[in-house]
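Enquirer: In this note's numbering, the protein residues as written are 310 to 679.
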């Protein structure tokens, strides 16, 4: 059976004389009419001649000689101007979209309301109006409404999740860190962090997942969330080599704790029992509760409270330490680590003694601290 002839296999070439004769140019292996911008698929003179005589001969046959050549060049320049305009508009739109994503990312990183996007845009426009007014119209094309920022943040989150999913697919070994705590609405939140290494020994550490527990927070409840995250994030139990928890009963229980359930899942998948670690921060907190540090902390807290009790006292103290070349520290009293940090770094006892001279009646606890 004879094969059908294909136009592409005929290797037809565009002839230069067709430019002025039919007002066409070659574009992507096709003939493009400069008058109506229609494409002629087959590079055959018959097709171009038919197109020209059918649609344009009546209006353009009057152009001859140099006038026809000038008309062709004018049409060609007009087409290039249109193409450059479309390219410029496309580039500006892409730049506006990228700018919108970058601002949305900064808003999300700082935990600011999505409605701040409009305020940020107004501030940028105000600056540009003073610095380079000719660029104001470009900034007005940047969409920063609350709904747009919300969509941008969602798209960024989905992209990060997709990247993490792809990375997890190449992980040879990984470890998990689990933390369960209660938020201000009394809802238990479980955070799962992953540290993985691939075949090329590249290590990445990310927040794998976060989920809420609205009922009980037993080891089984937490394990179900961990198991769901493992399956959803393209991981295998047998590749788990270490797990870190806070050492609570629901985490480290012998039979129904998260560690025990995770170890069983790893062994059932053909892996070896993972190494189990306890988070040292929680051990320090427990140590702080056991130690009697009242004799150390009470004089410090009472003195700091005296300095911060009135704005005048604090202003005078800041002015004084600035004159002697010291720095003011933030006031933290909530955690053992913060207290230790404030006490060891810099409550400069000598500076406070000098500043508080004359107020001995109010700082008896400070003068008796030793």
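All residues carry an ideal CB built from backbone N, CA and C; glycine is no exception. Predicted, not measured: the structure shown is a model, and the values here were computed from it.
Please state the DSSP three-state secondary structure of residue 493.
Expert: Residue 493 sits at position 184 when you count from the first residue of the chain shown. Residue 493: coil per DSSP, three-state reduction.
Enquirer: Hey, residue 568 and residue 561: beta-carbon distance below 8 Å or not?
Expert: Along the chain shown, one-based indexing puts residue 568 at 259. Along the chain shown, one-based indexing puts residue 561 at 252. Yes, they are a contact pair.
Enquirer: Let me know the secondary structure DSSP gives residue 545 once reduced to three states.
Expert: As a working note, residue 545 is residue 236 in the chain shown. Of the three classes helix, strand and coil, the one that applies to residue 545 here is coil, per DSSP.
Enquirer: When the Cα of residue 450 is compared with those of 517, 494 and 405, which residue comes out closest?
Expert: On the chain shown, position 141 is the one that residue 450 refers to. Selected option, being the one with the closest Cα: 405.
Enquirer: Quick check on the burial criterion: 16 or more other C-beta atoms within 10 angstroms. Buried or exposed for residue 690?
Expert: Nothing can be reported for residue 690: it is not among the residues displayed for the chain, which extend from 310 to 679.
Enquirer: Ignoring anything shorter than 3 residues or poking outside the region 454-530, list the beta strand (DSSP E) runs there in chain order.
Expert: Fully contained in the region 454-530 are the following beta strand (DSSP E) runs of length 3 or more, in chain order: 480-491, 497-507 and 512-522.
Enquirer: I'd like to know if the region 437-444 and the region 476-494 are in contact, where contact means that at least 3 CB-CB pairs between them fall below 8 Å.
Expert: no
Enquirer: So the beta strand (DSSP E) residue 342 belongs to, where does it begin and stop?
Expert: To locate residue 342, count along the chain shown from 1; it is residue 33. Residues 339-342.
Enquirer: Measure the alpha-carbon distance for residue 327 versus residue 409 and round it to whole angstroms.
Expert: As a position in the chain shown, residue 327 is number 18, starting the count at 1. As a position in the chain shown, residue 409 is number 100, starting the count at 1. Taking the straight line from one Cα to the other gives about 47 Å.
Enquirer: What does the alpha-carbon distance come out to for the pair residue 641 and residue 607?
Expert: For the purposes of this step, residue 641 is taken as residue 332 along the chain shown, with counting starting at 1. For the purposes of this step, residue 607 is taken as residue 298 along the chain shown, with counting starting at 1. Reliability fails at residue 641, whose pLDDT of 42 lies under 50, so the model's placement of it is uncertain and the value that follows must be treated cautiously. Taking the straight line joining both Cα atoms gives about 14 Å.
Enquirer: Do residue 616 and residue 626 have their CB atoms nearer than 8 Å?
Expert: The count along the chain shown starts at 1 and reaches residue 616 at position 307. The count along the chain shown starts at 1 and reaches residue 626 at position 317. Result yes, Cβ atoms of residue 616 and residue 626 sit closer than 8 Å.
Enquirer: Residue 352 lies in the beta strand (DSSP E); which residues open and close that run?
Expert: Along the chain shown, read from residue 1 onward, the residue named residue 352 stands at position 43. Residue 352 -> no beta strand (DSSP E), and no H or E assigned at all.
Enquirer: Return the bridge partner residues of residue 334 from the DSSP annotation.
Expert: Locating residue 334 in the chain shown gives position 25, counting from the first residue. According to DSSP, which records beta bridges pairwise, residue 334 is partnered with 341.
Enquirer: If you count every other CB in all the chains shown that lies within 10 Å of the CB of residue 554, and 16 or more means buried, which is it?
Expert: Taking the first residue of the chain shown as 1, we reach residue 554 at position 245. Answer is buried; the Cβ neighbour count reaches 16.
Enquirer: Report the residue from 353, 490, 333 and 459 whose alpha carbon sits nearest the alpha carbon of residue 345.
Expert: The count along the chain shown starts at 1 and reaches residue 345 at position 36. Nearest option by C-alpha distance: 333.
Enquirer: DSSP has residue 587 in a bridge; who is on the other side?
Expert: Against the chain shown, residue 587 aligns to sequence position 278. Per DSSP, 554.
Enquirer: Compute the Euclidean distance between the alpha carbons of residue 339 and residue 403, then round it to the nearest angstrom.
Expert: Position 30 of the chain shown, counted from the first residue, corresponds to residue 339. Position 94 of the chain shown, counted from the first residue, corresponds to residue 403. Straight-line Cα distance between these residues: approximately 29 Å.
Enquirer: For residue 419 and residue 544, what's the separation of their Cα atoms in angstroms?
Expert: Stepping through the chain shown from its first residue, residue 419 is reached at position 110. Stepping through the chain shown from its first residue, residue 544 is reached at position 235. A straight-line Cα-Cα distance of about 30 Å links residue 419 and residue 544.
Enquirer: Quick one: complete alpha helix (DSSP H) runs, 4+ long, within the region 359-419?
Expert: 366-369 and 374-418
Enquirer: Using CA coordinates, which residue listed in 387, 491 and 343 is at the minimum distance from residue 525?
Expert: In the chain shown, counting from the first residue as 1, residue 525 sits at position 216. Relative to residue 525, the option among 387, 491 and 343 whose CA is nearest is 491.
Enquirer: Mind reading off the beta-carbon distance from residue 383 to residue 465? Whole number of angstroms is fine, and I expect it under 8 Å.
Expert: In the chain shown, residue 383 corresponds to position 74, counting from 1. In the chain shown, residue 465 corresponds to position 156, counting from 1. The pair is not a contact, with the Cβ atoms about 47 Å apart (cut-off 8 Å).
Enquirer: Let's test the definition: count the other Cβ atoms within 10 Å of the Cβ of residue 654 and tell me whether it reaches 16, buried, or not, exposed.
Expert: Along the chain shown, one-based indexing puts residue 654 at 345. Only weak support is given to the placement of residue 654: the predicted model assigns it a pLDDT of 45, under 50, and the value that follows is read from those uncertain coordinates. With fewer than 16 Cβ atoms within 10 Å of its Cβ, residue 654 is classed as exposed.
Enquirer: So what does DSSP say about residue 693, is it helix, strand or coil?
Expert: No answer is possible for residue 693: the residues shown for the chain start at 310 and end at 679.
Enquirer: Report the three-state DSSP secondary structure of residue 604 (helix, strand or coil).
Expert: By one-based count along the chain shown, residue 604 stands at place 295. DSSP places residue 604 in helix when its eight states are reduced to three.
Enquirer: For residue 370 and residue 360, I'd like the C-alpha separation in whole angstroms.
Expert: Indexing the chain shown from 1 puts residue 370 at position 61. Indexing the chain shown from 1 puts residue 360 at position 51. C-alpha separation (whole angstroms): 13 Å.
Enquirer: Hey, quick one: how far does the alpha helix (DSSP H) through residue 580 stretch, first residue to last?
Expert: One-based indexing of the chain shown puts residue 580 at position 271. No alpha helix (DSSP H) contains residue 580, which DSSP labels as neither H nor E.
Enquirer: Please report how far the alpha carbon of residue 472 lies from the alpha carbon of residue 508, in whole angstroms.
Expert: Locating residue 472 in the chain shown gives position 163, where the first residue counts as 1. Locating residue 508 in the chain shown gives position 199, where the first residue counts as 1. Roughly 17 Å between the two C-alpha positions.
Enquirer: Return the residue from the list 331, 322 and 378 that minimises the CA-CA distance to residue 367.
Expert: Residue 367 sits at position 58 when you count from the first residue of the chain shown. Residue nearest to residue 367 within the set 331, 322 and 378 is 331 (criterion: CA-CA distance).
Enquirer: Does DSSP classify residue 619 as helix, strand or coil?
Expert: On the chain shown, residue 619 is found 310 positions in, with the first residue counted as 1. Of the three classes helix, strand and coil, the one that applies to residue 619 here is coil, per DSSP.
Enquirer: By the DSSP assignment, the alpha helix (DSSP H) with residue 272 in it spans what residues?
Expert: For residue 272 there is no data in the structure shown, the boundaries of the chain being 310 and 679.
Enquirer: Ignore the nearest five residues each way along the sequence and tell me which others in residue 536's own chain have a CB closer than 8 Å to its CB.
Expert: As a working note, residue 536 is residue 227 in the chain shown. 574, listed in sequence order.
Enquirer: Name the two residues that bound the continuous alpha helix (DSSP H) containing residue 449.
Expert: Within the chain shown, the letter at position 140 stands for residue 449. Taken as a continuous stretch (DSSP letters only), the alpha helix (DSSP H) holding residue 449 covers 445-449.
Enquirer: From residue 644 to residue 527, what does the alpha carbon distance come to, in whole angstroms?
Expert: Taking the chain shown and counting its residues from 1, one reaches residue 644 at position 335. Taking the chain shown and counting its residues from 1, one reaches residue 527 at position 218. Any reading at residue 644 must be qualified, since the residue scores a pLDDT of 43, below 50, and its modelled position is unreliable; the value itself is stated next. Each residue's alpha carbon lies about 27 Å from the other.
Enquirer: Excluding the 5 residues preceding and the 5 following residue 463 in the sequence, name in chain order all residues of the same chain whose CB lies nearer than 7 Å to its CB.
Expert: Working through the chain shown from its first residue, we reach residue 463 at position 154. Same-chain partners within the cutoff: there are none.
Enquirer: Residue 521: which of 506, 377, 427 and 500 sits nearest, CA to CA?
Expert: Translated into the one-based positions of the chain shown, residue 521 becomes position 212. Considering only alpha carbons, the answer is 500.
Enquirer: Can you have a look at residue 609 and say buried or exposed, based on whether 16 or more other CB atoms are within 10 angstroms of its CB?
Expert: Residue 609 sits at position 300 when you count from the first residue of the chain shown. Residue 609 should be labelled buried.
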